[in-house]
Structures are given as structure tokens and as C-alpha cells.
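Report on one structure; see the data block that follows.
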């Protein structure tokens with residue numbers, strides 16, 4: 001019963017994220033990839049995305065602080081972030097990354113800094129949602145584990 | 001009206017008659033304004049009390065002097081000239097007057113004629129003419145032309161009708177008036193002329209002189225009244241006869257008739273008087289600066305012009321001098337000079353600084369250059385040496401072998417030298433990094449001694465003694481410590497011909513509680529003054545034998561202010577720090593005291609003799625010292641000539657926390673054999689002659705006596721069992737084959753090889769060994785070999801993975817499709833990998849284009865999924881290279897495989913199916929992000945077959961694979 005509630009909660013959260021435009025179809029691809037052979041696939045990918053994204057954003061901030069901004073470098077970082085976000089279906093972040101790359105192309109430091117702020121907010125926003133999602137997924141996994149154990153015990157008892 | 005009338009012409013006349021600056025034509029010494037009434041000019045000028053003082057009687061004498069006479073002559077001349085001038089002017093005036101008179105006569109005549117004509121025409125007033133004649137006679141004496149005009153004008157003013165009687169009457173009246181006025185003028189003119197004549201007569205020379213003199217005097221006073229000068233005249237006895245002093249400090253009577261000495265005393269007076277005397281004697285004027293310091297007016301500087309005064313007969317009768325106070329100027333000048341000197345010094349300093357800076361830069365560059373060169377030399381040299389060593393294992397005749405030995409030993413020397421230089425420049429540039437590892441000091445000492453013993457060519461006893469309280473394990477940079485010890489030991493061995501060489505290792509101040517306090521006292525001093533400690537060591541040389549060392553060392557250490565253990569620990573909480581003191585002593589030739597300071601300098605040896613006799617570069621000790629200091633310790637030396645030397649260094653070492661220690665025995669299998677009891681406190685290596693091992697080659701090389709103690713007998717003092725355990729490490733043939741034991745290499749070829757095998761197991765691959773392996777394997781040795789540079793014949797073997805990159809895997813051939821995923825984004829990799837795995841494909845993953853090419857060089861793939869935008873080499877570039885290889889069969893030079901053999905051999909190798917000459921075209925699918933930098937056209941143009949847009953999803957990846965993968 002708890003598992004069902006958690007599933008509902010999770011679905012609601014994900015649906016909400018879709019509705020808000022945070023995610024796109026690509027995320028469903030990830031969900032499709034999760035099966036018995038890779039039960040934690042989504043959480044793994046999402047965790048990787050979160051870690052990687054945070055690293056890149058930090059790096060971007062650092063690069064843009066420099067007196068002489070190496071825009072090619074910034075661009076390649078943004079490209080990475082864009083690739084990652086596209087892969088997990090983080091639509092909003094991806095779109096902002098596209099903007100960001102345009103500013104890189106224009107060599108506009110101000111534009112870059114502005115979009116960096118935007119990307120950061122969006123990323124952290126998404127990450128908090130993802131984290132919530134991961135928590136629910138963990139609890140769900142725990143509860144199914146428990147349930148299995150209970151079942152096993154029950155089986156053993158019978 | 002008459003007065004006014006007179007005034008005008010007078011001015012004109014005077015100015016023309018007395019031109020200004022009349023004296024300029026004549027050379028005049030007093031240049032003054034020639035004001036008619038000179039006194040007026042000085043009305044406003046107030047003359048203060050006349051400071052000049054004069055002896056008038058002497059002036060008479062002076063007038064008799066040459067100068068005075070010339071002055072008088074000048075006056076007379078001037079007066080005469082003036083007179084002549086006046087006469088000339090008067091004459092001129094007379095001439096002018098007479099000319100005017102002539103003109104008047106003419107005019108009169110004319111008028112008279114006119115008058116006569118009128119009389120004749122009109123019979124009226126005939127009788128007036130003779131009267132008029134008379135009247136006009138006087139009237140026309142007037143000289144002024146102006147009056148002509150006036151009278152003429154008057155004539156026209158007659159109003160009455162011409163030729164009427166009233167007209168003539170009027171005219172007569174007017175003429176009468178004019179006549180009267182004319183008379184008056186003439187009279188006044190005459191008066192004036194008379195006056196002038198009187199004046200001329202009254203100007204006697206005396207009057208004029210006094211006038212002139214007065215004026216000169218006034219001018220002089222005007223000029224001089226604010227001039228800070230002293231003008232004086234002194235007679236032949238240098239007594240003052242005249243003095244003008246703007247700032248009189250003394251009354252007249254105090255000065256006149258006195259000499260300088262009588263008036264003044266103090267610095268400068270004597271000098272001035274001497275100069276005055278000189279001037280009188282030589283008769284030549286001079287200008288000098290005198291510095292006075294007298295009680296009367298203090299310290300002052302005067303510039304003084306002194307000229308002699310001669311009498312008519314040419315005798316010197318005194319001097320005139322003008323002195324001016326230039327104290328301020330001198331001060332300023334001195335200040336300027338000072339500033340200039342300072343500036344010059346500054347400039348010189350700057351230049352010097354610039355020079356030294358330049359030199360420093362040059363030196364740094366040279367050092368860098370040396371380091372670079374050394375590095376560049378080292379690589380090929382090690383190649384040469386390893387080849388030579390391999391050559392030594394082949395079949396050679398005796399002579400060849402000897403030559404090879406020389407080659408090897410020389411090469412080793414060079415290599416050592418280069419290493420030294422590199423080390424030194426590393427330490428100096430601060431690039432040397434210390435590594436903290438846990439090690440066993442006893443083992444280190446033993447190994448160093450062993451190594452030394454192994455290459456020992458003399459009859460020396462090598463001994464080691466380690467204090468009981470030296471911790472079993474300490475943390476420090478063991479490599480560097482070994483380096484220091486080895487260096488010191490090899491030095492000791494080099495300079496010792498008989499006796500012993502040894503190492504004592506002890507912990508400072510743990511044994512002697514009394515020392516602690518003393519050490520603490522010295523604590524502050526010790527950190528700042530390692531040099532002082534060194535001096536102390538040098539000051540008390542003592543003979544170093546094994547027996548005496550124990551106690552005295554500690555004493556010395558404490559005296560020289562090595563910080564106590566306790567005080568150090570305070571700074572490093574948690575970890576205990578011990579100060580280890582290591583003495584390397586010998587009974588060799590010792591070092592003369594005067595050479596001690598040079599000992600640790602680079603390229604310095606105790607003496608040139610030593611350098612010739614013993615060789616070496618003098619780098620060793622410098623490196624040791626720098627290394628020790630880098631580790632926070634000090635290196636000192638105590639020596640006595642012909643008795644021996646002791647090099648001591650003190651190092652802080654941390655004692656590792658206990659649990660590390662227990663782990664270590666498990667972690668390090670090499671040291672795992674030793675338990676605490678295994679490592680005893682002292683060991684001795686004694687040389688043992690093994691004549692049968694002596695190869696002639698060695699003895700030729702070594703130049704030593706007879707003994708070539710390459711094999712040593714180790715004599716454990718305590719336990720018999722130890723022998724076995726240590727023998728592994730100690731028997732030379734096994735342990736030091738590459739380093740030193742050249743004889744072993746020849747005689748024990750097989751052992752050499754097996755040693756290499758062992759080393760591999762321990763993952764301690766030395767460069768030289770690798771080379772050896774290669775040869776051994778190429779000789780047909782079937783021993784399993786691996787290593788980064790080894791030639792692999794089977795690219796798909798497991799070994800090959802390592803030489804590639806971590807992530808590239810060649811999955812074993814199966815009927816599953818092999819996919820190469822080229823992608824640099826971790827998240828993308830994860831997603832794509834997961835998808836592909838779900839689709840049931842085996843994939844290899846690489847991170848950039850270059851790696852993709854390497855992977856393609858190793859393996860055959862069914863399809864490549866290639867990201868476009870990647871670091872190092874992008875997907876387009878990589879695709880081009882791969883396509884180019886597929887078309888031509890050979891790789892582009894820039895991406896040639898590391899081992900050309902792979903490609904070359906693959907043609908004939910039968911077990912690898914993919915290495916057919918005709919290379920199959922592999923489908924390459926681009927994964928584009930649909931961004932501006934990655935257009936689909938570009939991908940196709942680069943040789944890609946298709947593209948899928950990112951993010952990849954099941955649908956498009958499946959479609960793509962279905963399309964491009966061969967049907968299974």
C-alpha cells in the first residue's frame with residue numbers, strides 16, 4: 001500500500017515536472033530503459049547528471065570570472081551541459097544552454113553571465129525536484145525490498 | 001610773453017649744442033646719466049651713514065701711484081676734450097649766427113627795394129624809407145627762422161585796402177611793433193650769449209672734477225649701498241688704508257691702520273694674508289675663495305679679488321681687494337654637489353643592480369638550459385647504456401668485453417652526473433617535491449651499506465649502527481634520504497683507503513633527559529642558526545671511531561642547538577616527530593679546515609689535487625645539503641686531516657600512527673619478511689677476497705690493488721636464522737644485477753633473467769630491464785612478458801587494453817554486433833550505453849576522436865556511433881582519418897598507430913580475421929546535437945553514413961542500427 005502511495009507521489013511529481021516544462025520525452029526514454037536488469041538506471045543517470053551539471057556550472061562561473069574569458073572553453077562546457085541535459089530530458093536547462101551558446105558565439109560576457117544565472121537557477125530548481133524524486137524512488141525501493149522480505153518471511157513461515 | 005618766447009628756442013638750441021652722452025665717444029669708466037643738475041637725481045636717495053672708511057693722507061700717496069696718475073690724466077684729458085668740444089660748438093654757433101645775419105641783410109635789401117618801388121609808384125610816405133632802412137637794419141639781426149615766418153604772417157594780416165593811405169599807416173605801425181619786439185629779442189639774446197660766455201669761463205677743471213667725482217661717488221654709493229661686498233685697500237704692510245664694508249662690524253678706528261691679524265683671528269686669515277703677499281710679490285691680480293671661521297662673523301666663505309697697486313716707479317705699494325660673501329651660494333653649491341654625487345651613486349648602484357639582475361637572469365637561463373640539456377641527454381644516454389648492457393649479455397671475446405666494460409662505467413658516470421645536475425636544478429628551482437612514505441630506517445641504512453659494499457673495490461669495513469630507540473618506521477621521503485646516504489657513503493668510500501666507513505643512526509635527545517632542557521634553551525636559536533651549528537661542528541673536530549660516537553654525538557647535537565623533540569612536537573599536534581641524526585663517518589684522508597666552507601658549494605672540491613686524484617664533479621655534497629635542508633634538517637661536517645671525516649645530518653621525521661604500521665606488513669610483501677626482531681641494531685660488511693670471481697676485465701678497469709670485493713660476505717651478529725632471510729637481499733648476484741655487478745651479469749646470465757621476472761611481479765619495472773626483456777623475448781624466450789612499450793602481435797589480447805585507454809575494450813568476437821561509441825559526455829554515454837545494451841549489442845566506449853582511431857586500429861567494429869563535438873579530435877576529423885585509412889590502407893602520418901607492425905603484420909597474420917588487406921567500410925553514424933556547429937551536411941561530407949540527432953532515443957537508434965548493421 002505504501003508502495004502504491006509512493007508510486008502515485010512519484011508519478012505526480014514527474015507529471016508536474018513535465019507539465020512545468022522541466023522535462024521532455026527524453027526522460028520517458030530513461031524510464032523505459034529502467035528494467036529488471038538495470039533497476040536503478042534512472043537514479044544513476046539523474047545523479048550523474050546532477051553531479052556533472054553542478055561541476056560544469058561551477059566551472060563556467062570560474063571561467064567567466066577570469067579577466068580574459070576563453071569563450072571557446074566556455075562554449076565547450078556549455079555544450080557538455082547541453083548534451084547531458086538533452087540526454088536526461090532536462091528540457092529547460094537544455095534550451096537555456098542553447099541560448100547560452102549563442103552568447104558564447106557572440107563573445108558576450110554579459111550575456112553569458114546572465115544566462116549562467118538563468119541556467120543555474122533552472123538547474124538547481126530541477127535538481128531539487130530530481131532529488132525529491134530520487135528520495136521517493138529510494139523509499140519506494142526500500143518498501144519493495146521490505147515487502148519482498150516480508151513476503152519471503154511469510155513464505156518461510158508458511 | 002617775451003619769457004615764453006625765449007624759453008622755446010633756448011631748449012632747441014641747448015639740445016642741439018649739448019648732445020647727450022657726449023662722453024660716450026670717449027672711453028669713460030664712470031658710466032652715468034648726464035643730468036644737467038646731477039644732484040637732483042639723488043634727492044630721493046637717502047644715503048645711510050657712510051660705511052666707507054678712508055685714510056685721506058694715503059689717498060695723496062695713491063694719486064702718485066700709477067693708477068692715480070692715470071686717473072688724473074684721464075680727468076685732464078676728459079676736461080680738455082670737453083673744452084675743445086665747447087669751443088667747437090661755439091664756433092659752429094657763431095658761423096650759424098653770421099649766416100643768419102647775411103640772410104637778414106639780403107632780406108632787408110629786398111624789403112628796401114620793395115619800399116622804393118612803392119614810393120616811386122605812389123607818391124606817399126617817401127620820406128619814411130631811410131628811417132625804415134635804419135630800423136630794419138637792427139630788426140633783421142634776429143637769427144631765428146621762426147621769427148621770419150611770424151613777421152611774414154603779420155604782413156598778411158593788414159585789413160585795410162591795399163595801397164590806400166590807411167593801409168600804409170597800418171603797415172608802418174605794424175612794422176614798428178615788430179621792430180620793437182625784434183629789438184627786445186636781440187637784447188635778450190645778447191644777454192644770453194654773454195651769460196653763456198660767463199658760464200663757460202666759470203667751468204674750471206677743478207669744479208668739473210669735483211662735480212664728476214661727486215656724481216661718481218653718488219652712483220657708487222647707490223650701487224654699493226645694498227651690495228654685500230667689502231672693498232678695501234691695504235698698504236705694503238697690509239695695513240688697511242681704506243675699507244668699504246656694507247656690514248660694518250667694527251668702527252673705523254678699529255680697522256684703519258691695522259692688519260688682518262690685528263682685527264681678525266681664526267681660520268682663513270692666514271691663507272688670505274699669504275695670498276695677498278703673493279699678489280704683492282708677483283704683481284698679478286688673483287681671484288680666490290677663502291673660507292673663514294672667525295669669532296667675529298662666524299663661518300663664512302668669501303670670494304675675493306685681490307689686485308696689486310703699483311707706484312709710479314713700478315713698486316708695489318699695496319693691494320686692493322673686493323670680497324663678496326658667498327656663503328649661501330657655497331652651501332647651495334655643496335648641496336648640489338652632494339646631490340649630484342648621490343645621484344651618481346644611485347645611478348651607479350642602479351646600473352650595478354641592473355647588471356647583477358641581468359647576470360642573475362642569465363644564470364637562471366643557463367641553469368635552465370643545463371637542466372634541459374641534461375634531461376635531453378639523459379634519455380638517449382640511457383638508451384645507449386641499456387643497449388650496451390644488453391650487448392654485454394651476448395657472446396663477446398675478452399677484448400670486446402673489456403671495451404664494453406669501460407663504456408658502461410663511463411656511461412654510468414655520465415648518467416650519474418646528469419642526474420646530479422638535474423637534481424640540483426630541481427631543488428634550486430623549487431620543483432623538487434618530497435614524498436612522504438613510511439619506511440624503515442634500519443633497512444634503509446642496511447641497503448645503502450649493502451649497495452656500497454656491492455661496488456666496493458677496497459679493503460674497507462662497512463658498518464652500521466642504529467640506536468635502539470630509533471623507531472621501527474618513520475615517515476619521510478625515503479628515496480631522498482637514501483640518495484643522501486648513498487652519496488655520503490660513496491664519498492666516504494672514495495676518500496678512504498683503509499679502515500672503516502659507517503653509518504650511525506640515532507634519535508636525538510630521547511636518551512638524555514638532561515639534554516632536553518638544554519635543547520629547549522637553544523630552541524629558538526636553532527631554527528634561525530643552522531650555520532652557527534655547523535660552525536660549532538667545525539670548531540671541534542674530533543676523531544670519529546665507532547666506539548666514541550654514541551655519547552659525544554648527542555652532546556654535540558645538543559650543544560649545537562638542535563631543537564629538542566618535545567619542543568618540536570608542540571608544533572605538530574597529533575603526530576609525533578623525532579629528530580633523527582645520521583652520521584656517516586670514515587677513516588679516510590679527511591678535509592683540511594680551510595676547505596670546509598667550500599665543501600657544500602656546487603662544483604667545489606676540497607682542493608684541485610683531490611679533484612685530479614679522485615675525480616668527481618663536486619655536486620654530490622651540494623645536492624645532499626640542499627636535500628637535507630629541503631627536508632627541514634641540517635647537514636654538517638666534522639673532519640680532521642688524515643684521520644677522517646664525519647658528515648652528520650639531522651632530519652625531522654614523523655612517526656606514523658600505529659595502525660598504519662600494522663597494515664604495512666601486509667601491504668608490503670617485500671618488507672613483510674622482517675619482523676622487529678629481524679632488524680638488528682648493527683651490521684658489518686667485511687670484504688672477502690674471492691679470487692675465483694675476479695675477471696680480468698674488472699681488474700683492468702678498476703685500477704685497484706688486488707681485491708675486487710664484488711661479492712661480500714654478510715655476517716649477522718645474532719641469530720642464525722636471519723642469515724637466510726637476509727641472504728635474499730644481500731647476495732649481490734640477485735639483487736643488484738643492473739646497478740653494479742657487471743661480473744655477475746656475465747657469469748650469471750640466467751639468474752639475471754629470472755631476476756627480471758621477479759621484478760615484474762613486484763611491478764618494479766626499470767627502464768633497463770624493459771630493454772632486456774625485449775631482447776630476451778625476441779631471442780625466443782617464451783617467458784610471458786608485458787609492458788607498455790612491448791611489441792604485441794595479437795592486438796585483441798587482454799594485455800593490449802592497458803596500453804590503450806581505460807575505457808576501450810575489445811570484446812571477444814561473438815555474433816553480437818560490435819559497436820564503438822565515441823562520446824565525451826558521461827551522461828550521454830550512460831544513456832546510450834544503456835540503450836544499446838538493451839538492444840543487445842556489445843559496445844566499446846571511447847571519449848574522443850583520437851581514441852576512436854586508436855580503437856579502430858585495434859579492433860574491427862560493425863558500426864561507429866560518433867559524437868561530433870569532442871575535445872582533442874572531433875568526430876568529423878576522426879571520420880576523415882578512418883575513411884582515409886579504409887581507402888588507402890594506411891593511416892595518415894599524424895595518427896599512425898603506435899606500433900606500425902599491427903598494420904604491417906596484420907596482412908600476413910592469419911588468426912585475426914579483420915586484418916585483411918581489403919578493409920571493410922565501417923558505417924559511421926554521427927550523433928549531432930543539431931546546433932550551429934554541427935550540421936548534417938558536414939557530417940555526410942566528412943564521410944559519415946548518417947546521423948541521428950541527440951538526445952538519442954530508442955526509436956532513432958534502433959532504426960539506425962537496423963539500417964546499418966549487417967543482418968545477423
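Protein chains in written order, with full-length UniProt numbering: chain A, 1 to 158; chain B, 1 to 968.
The C-beta atom is built at its ideal place from N, Cα and C for all residues, glycine as well.
Partners in chain B for residue i, counting only beta-carbon separations shorter than 7 Å
i: residue 21 (chain A); result: Within chain B, no residue comes near residue 21 (chain A); the closest Cβ sits about 16 Å away, beyond 7 Å.
i: residue 30 (chain A); result: 831
Three-state secondary structure assigned by DSSP to residue i
i: residue 183 (chain B); result: helix
i: residue 589 (chain B); result: coil
i: residue 24 (chain A); result: coil
i: residue 363 (chain B); result: helix
i: residue 56 (chain A); result: helix
i: residue 234 (chain B); result: strand
i: residue 77 (chain B); result: helix
i: residue 879 (chain B); result: helix
i: residue 975 (chain B); result: Nothing in the structure corresponds to residue 975 (chain B), since chain B is present only between 1 and 968.
i: residue 465 (chain B); result: strand
i: residue 581 (chain B); result: strand
i: residue 973 (chain B); result: Missing from the structure shown is residue 973 (chain B); chain B here goes from 1 to 968 and no further.
i: residue 43 (chain A); result: helix
i: residue 636 (chain B); result: strand
i: residue 218 (chain B); result: helix
i: residue 652 (chain B); result: strand
i: residue 861 (chain B); result: coil
i: residue 946 (chain B); result: strand
i: residue 500 (chain B); result: strand
Contacts of residue i in chain A (Cβ-Cβ under 7 Å)
i: residue 826 (chain B); result: 48, 52
i: residue 834 (chain B); result: 33, 38, 41
i: residue 841 (chain B); result: Result: empty, since nearest Cβ-Cβ is about 14 Å, beyond 7 Å.
Contact belief for residue i with residue j at Cβ below 8 Å, rounded distance in angstroms
i: residue 76 (chain A); j: residue 380 (chain B); result: Going by Cβ atoms, the distance from residue 76 (chain A) to residue 380 (chain B) rounds to 38 Å, so no, they are not a contact pair.
i: residue 109 (chain A); j: residue 69 (chain A); result: 6 Å
i: residue 633 (chain B); j: residue 586 (chain B); result: Residue 633 (chain B) to residue 586 (chain B), Cβ: 21 Å. No contact.
i: residue 821 (chain B); j: residue 833 (chain B); result: 7 Å
i: residue 505 (chain B); j: residue 592 (chain B); result: Incorrect: roughly 28 Å between the Cβ atoms, too far for contact.
i: residue 651 (chain B); j: residue 476 (chain B); result: 7 Å
i: residue 640 (chain B); j: residue 590 (chain B); result: 5 Å
i: residue 286 (chain B); j: residue 236 (chain B); result: At roughly 17 Å, the Cβ-Cβ gap does not stay under 8 Å, so residue 286 (chain B) and residue 236 (chain B) are not in contact.
i: residue 291 (chain B); j: residue 305 (chain B); result: Incorrect: roughly 16 Å between the Cβ atoms, too far for contact.
i: residue 682 (chain B); j: residue 465 (chain B); result: 5 Å
i: residue 74 (chain A); j: residue 64 (chain A); result: 7 Å
Neighbouring residues, chain B, relative to residue i (Cβ below 9 Å)
i: residue 78 (chain A); result: Chain B residues near residue 78 (chain A): none, gap ~10 Å exceeds 9 Å.
Partner residues on chain A for residue i, Cβ-Cβ distance less than 8 Å
i: residue 950 (chain B); result: 83, 86, 87
i: residue 929 (chain B); result: 79, 82, 83, 86
i: residue 871 (chain B); result: 76
Per-residue contacts from residue i into chain B (C-beta, under 8 Å)
i: residue 159 (chain A); result: The structure shown does not extend to residue 159 (chain A), since chain A is modelled only from 1 to 158, so the question has no answer here.
i: residue 44 (chain A); result: 830
Neighbour list for residue i in chain D, Cβ cutoff strictly below 9 Å
i: residue 926 (chain B); result: Structure shown: chain D not included; protein chains present are A and B.
Interface residues of chain A facing residue i [CB-CB closer than 9 Å]
i: residue 838 (chain B); result: 32, 33, 35, 37, 38
Practice prompt. Give, in chain order, every unbroken run of the beta strand (DSSP E) that is at least 3 residues long and sits entirely within the segment 239-320 of chain B.
Written response: Whole beta strand (DSSP E) segments, 3+ residues: 240-245, 286-294, 298-310.
Fill in: Residues within the segment 478-493 of chain B neighbouring chain A, beta-carbon criterion of under 7 Å
For the segment 478-493 of chain B, the set of positions with a beta-carbon nearer than 7 Å to some beta-carbon of chain A is empty.
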